[in-house]
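Under numbering that gives the first Met the number 0, think of the first position of the sequence shown as 0, with each following residue one higher.
Ideal Cβ positions, reconstructed from N, Cα and C, are used throughout, including at glycine.
I have placed the structure first, in the form of structure tokens, so that the comments after it can refer back to it.
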Amino acid sequence: MRDGVLVALDTPTLVIHGGAGVEPGDLTPQEEDDARKAMETALRVGYAKLQGGSSSVDAVTAAITVMEDAPQFNAGRGAVFTHDGRNELDTSIMDGSSGMAGAAAGLHRVKNPITLARAIMEKSKHVMMVGDGAEIFAKEQGITLVDPAYFRTEKRWKALQDALKEEAKAQASNTPLVLPGKAYFGTVGALALDAKGNLAAGTSTGGMTNKRYGRVGDSPIIGAGTWADPGCAVSSTGWGEFYIR
Ligand code: GLY
Numbered sequence: 000m001r002d003g004v005l006v007a008l009d010t011p012t013l014v015i016h017g018g019a020g021v022e023p024g025d026l027t028p029q030e031e032d033d034a035r036k037a038m039e040t041a042l043r044v045g046y047a048k049l050q051g052g053s054s055s056v057d058a059v060t061a062a063i064t065v066m067e068d069a070p071q072f073n074a075g076r077g078a079v080f081t082h083d084g085r086n087e088l089d090t091s092i093m094d095g096s097s098g099m100a101g102a103a104a105g106l107h108r109v110k111n112p113i114t115l116a117r118a119i120m121e122k123s124k125h126v127m128m129v130g131d132g133a134e135i136f137a138k139e140q141g142i143t144l145v146d147p148a149y150f151r152t153e154k155r156w157k158a159l160q161d162a163l164k165e166e167a168k169a170q171a172s173n174t175p176l177v178l179p180g181k182a183y184f185g186t187v188g189a190l191a192l193d194a195k196g197n198l199a200a201g202t203s204t205g206g207m208t209n210k211r212y213g214r215v216g217d218s219p220i221i222g223a224g225t226w227a228d229p230g231c232a233v234s235s236t237g238w239g240e241f242y243i244r
């Protein structure tokens, strides 16, 4: 029982999300169908791990990897663009049974950021790595690196162009810019409870369209974007600054 909420889950259990911030009408019927299919694949792949006796960390990693590969989500391929036209990826994972965690931010070349978060948790003495250093560690660990162009999709590029226009218009008329929902957010996440009763949580994102100054959101911050302990697992999506605060 936590904060008056009692949740009893069957084991094993896998829960995923494909991100908040998609408004009705943002997706064409085809895009919505593709997103649903990718989520179903992520659930099936992750759940098969649990059914095979693998750990909750394995299931979370597998499910998020599928969503990072699917261009419909703001994570991995299909991530949103920064103000200067780059894809900058953030991620984290936490093992609820051990309290161990791994996180990485500001990635440009790691194909599946969640695999790097996991390697940081399991193969390093650290919890968080950023930018070039994180990618050097990824290379050392044999994690797949790709040309940054791999992450680009035309839809996200157009979203950046629209955001830049709106920003310029707001500046010219001296009115505060209120972020529209359209394609600004859309993080992915997964929570798993394995047959041994252990929980894990993971999160992966491109952050916010038009972010700048090396902005890092909640997704790679343990306790803001991701948390798991023996009784609770959380993966956040939405405007990261609110979660961090
Ligand atoms: N929740 C993702 C972000 O704000 O970066």
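- Here DSSP, grouped into helix, strand and coil, assigns L42 to helix.
- Listed in chain order, the non-local C-beta contacts of A137 below 6 Å within the same chain comprise V109 and L115, local neighbours out to five positions each way being set aside.
- Residue burial annotation: P11 is buried, with at least 16 other C-beta atoms found within 10 angstroms of its C-beta.
- When DSSP states are grouped into helix, strand and coil, A199 belongs to the strand group.
- Distance from the Cα of S96 is smallest, within the candidate group G230, W238 and G237, for G230.
- Taken from the Cβ of G52, every heavy atom of ligand 1 lies 8 Å or farther away.
- Annotation: the continuous alpha helix (DSSP H) that includes A137 extends over G130 to E139.
- Under the three-state reduction of DSSP output, A148 falls in the helix class.
- In the DSSP assignment, L26 falls outside any alpha helix (DSSP H) and carries neither an H nor an E.
- Annotated three-state conformation of M99 is coil, per DSSP.
- Within a 10 Å sphere around the beta-carbon of N197 sit 16 or more other beta-carbons, which makes this residue buried.
- Minimum Cα-Cα distance from D146 among the listed residues K36, L106 and A227 corresponds to L106.
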